[in-house]
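First comes the structure, then the notes that go with it.
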Amino acid sequence: MTMPKVHRIRLPLPFKLNHIYVHVVEGPEGFSLVDTGLDLPDSRRLLKAGLAELGIEARELKHVFLSHFHGDHWGLAHWFNELRVPLTMPRIDWNALDRWFDQPTADALSAENLAEMGAPPAIVEKSLRGIGAMRLSCPPFKPDHLVDDGDTISLSGVEFSVICTPGHSPGHCCLYQEEKKMAILGDHILPEITPHIAVDSLELLPDPLTAYRKSLERFRSIAVEENWPSHGPQILDLNRRIDELLLHHTQREDKLVTLLTDSAAPLTCYEVSQSLFDLKQLDDFAGWLAASETLAHLRSLVNDGRAFEEEECGVFRYRVERTST
Ligand SMILES: [Zn+2]
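Shown next as structure tokens:
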């Protein structure tokens, strides 16, 4: 078997996280792309330039695989529809995305979720503006194939196993190449930042943090000698990074428990996230990310019996049972 080679192309993102690496798999049948970047003029130009350095045009790609449903990973997918390059993505994430393309329904759902988190109307509006801005660089597309955990996929003649790693998104998939012990990680494990873990608006994964922890543990049993994360450099010690990510979430949860314990009254998710993050410093989109990540932590605490959730007039509040001394 011809050993595959992976090339990476760095594309800009207009966020605090200012780049994404998309990966080009070179195999016996040519080149395939994993993830696309956003549909921004610079992004498209740099992707074309990166492919040109490899001696190909975008239309010559054999296949495009999308790791998950976040826009920075598929914003240019519609362009590959136009170029008739076959597109594959995880089935679970496509089901969510297909519904997200119906903007009025998706926005109504996001507004309802934010209201349940206790976000005031002005914040709901601000968050929807942030999501709306994201939409502009992610036009709708249609995948040609959908994959599930355990499937195999051939990218330019190279066989990869699809490893579903729910957590960062409900259907997030990594690709694993057995002979070379190589993993294309998407956003499952990142070297320099903690992958964002949030409750998706459709509640496909009601407790994403617990799912994420399982997906991290699953990776310990996979022999990986070469890894390709979507943001940042390759990870030197994957198991150590898994330990760090698990510890980060444990510490964050402990901090939440302290906050809830110190509070005289039960707190909404929005109130908790205000104490954790300086929401005024965050832009519209980042503020929404902060609140949705806080909800993931609260849900995990509730599932572990360390916190309790109560609902009143459509707003959820969280408390811990005080230990009597
Ligand atoms: Zn992502």
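FYI, in the working numbering the residues of the sequence shown are 187 to 511.
Glycine included, C-beta positions come from ideal geometry on N, C-alpha and C.
Here the structure is a predicted model, which is why all the values come from computation and not from measurement.
Continuous alpha helix (DSSP H) stretch holding residue i: start and end
i, result
"G500", "G500 -> no alpha helix (DSSP H), and no H or E assigned at all."
"A301", "Q289 to E302"
"S401", "P394 to R406"
"S342", "Counting along the chain, S342 falls outside any alpha helix (DSSP H), and DSSP gives it neither H nor E."
"P227", "P227 to E239"
"V310", "P307 to L322"
"V385", "Looking at the DSSP string, V385 is not in any alpha helix (DSSP H), and its letter there is neither H nor E."
"E430", "L424 to D448"
"A263", "A263 to E268"
"H374", "No alpha helix (DSSP H) contains H374, which DSSP labels as neither H nor E."
"D259", "The sequence given here places His at residue 259; Asp does not occur at that position. Residues G257 to W260."
Short Cβ contact (7 Å threshold) for residue i with residue j
i, j, result
"H417", "H254", "no"
"L226", "S323", "yes"
"V192", "W414", "yes"
"V211", "L341", "yes"
"M275", "P326", "no"
"T222", "W260", "yes"
"L481", "C499", "no"
"H209", "I379", "no"
"V501", "G353", "no"
"L219", "I206", "no"
"R277", "D334", "yes"
"E439", "H483", "yes"
"A397", "L391", "yes"
"P272", "H249", "yes"
"A513", "V310", "The requested residue 513 is not part of the displayed model; the chain covers only 187 to 511."
"K367", "A308", "no"
"Y504", "L453", "yes"
Terminal residues of the beta strand (DSSP E) in which residue i lies
i, result
"N204", "Counting along the chain, N204 falls outside any beta strand (DSSP E), and DSSP gives it neither H nor E."
"L219", "G216 to V220"
Bridge partners - residue i, DSSP secondary structure assignment
i, result
"R194", "H209"
"A369", "Y362 and N413"
"C350", "C359"
"T454", "R503"
"F494", "R505"
"T274", "F251 and H331"
"T338", "S347"
CB-CB length for residue i against residue j, believed under 8 Å
i, j, result
"S486", "D393", "6 Å"
"V506", "T447", "5 Å"
"D279", "L224", "17 Å between Cβ atoms; not a contact."
"F463", "A476", "4 Å"
"T351", "H374", "4 Å"
"G241", "I195", "About 14 Å; that fails the 8 Å criterion."
"M189", "E365", "7 Å"
"S313", "L300", "6 Å"
"F251", "I339", "7 Å"
"P377", "R426", "In fact, because the Cβ distance is near 11 Å, the residues do not count as touching under 8 Å."
"R230", "L262", "6 Å"
"R406", "L432", "In fact, because the Cβ distance is near 10 Å, the residues do not count as touching under 8 Å."
"L395", "H434", "Not quite, the Cβ-Cβ distance comes to about 11 Å (not below 8 Å), so this is no contact."
"A472", "K234", "That pair is no contact at about 29 Å."
Q. Does the count of Cβ pairs from the stretch 237-247 and the stretch 277-288 closer than 8 Å reach three?
A. Taking a contact to require three or more Cβ pairs closer than 8 Å, the stretch 237-247 and the stretch 277-288 do not qualify as touching.
Q. Three or more C-beta pairs closer than 8 Å, one from the stretch 490-499 and one from the stretch 345-352: is that the case here?
A. Contact between the stretch 490-499 and the stretch 345-352 is not established, with fewer than three Cβ pairs separated by less than 8 Å.
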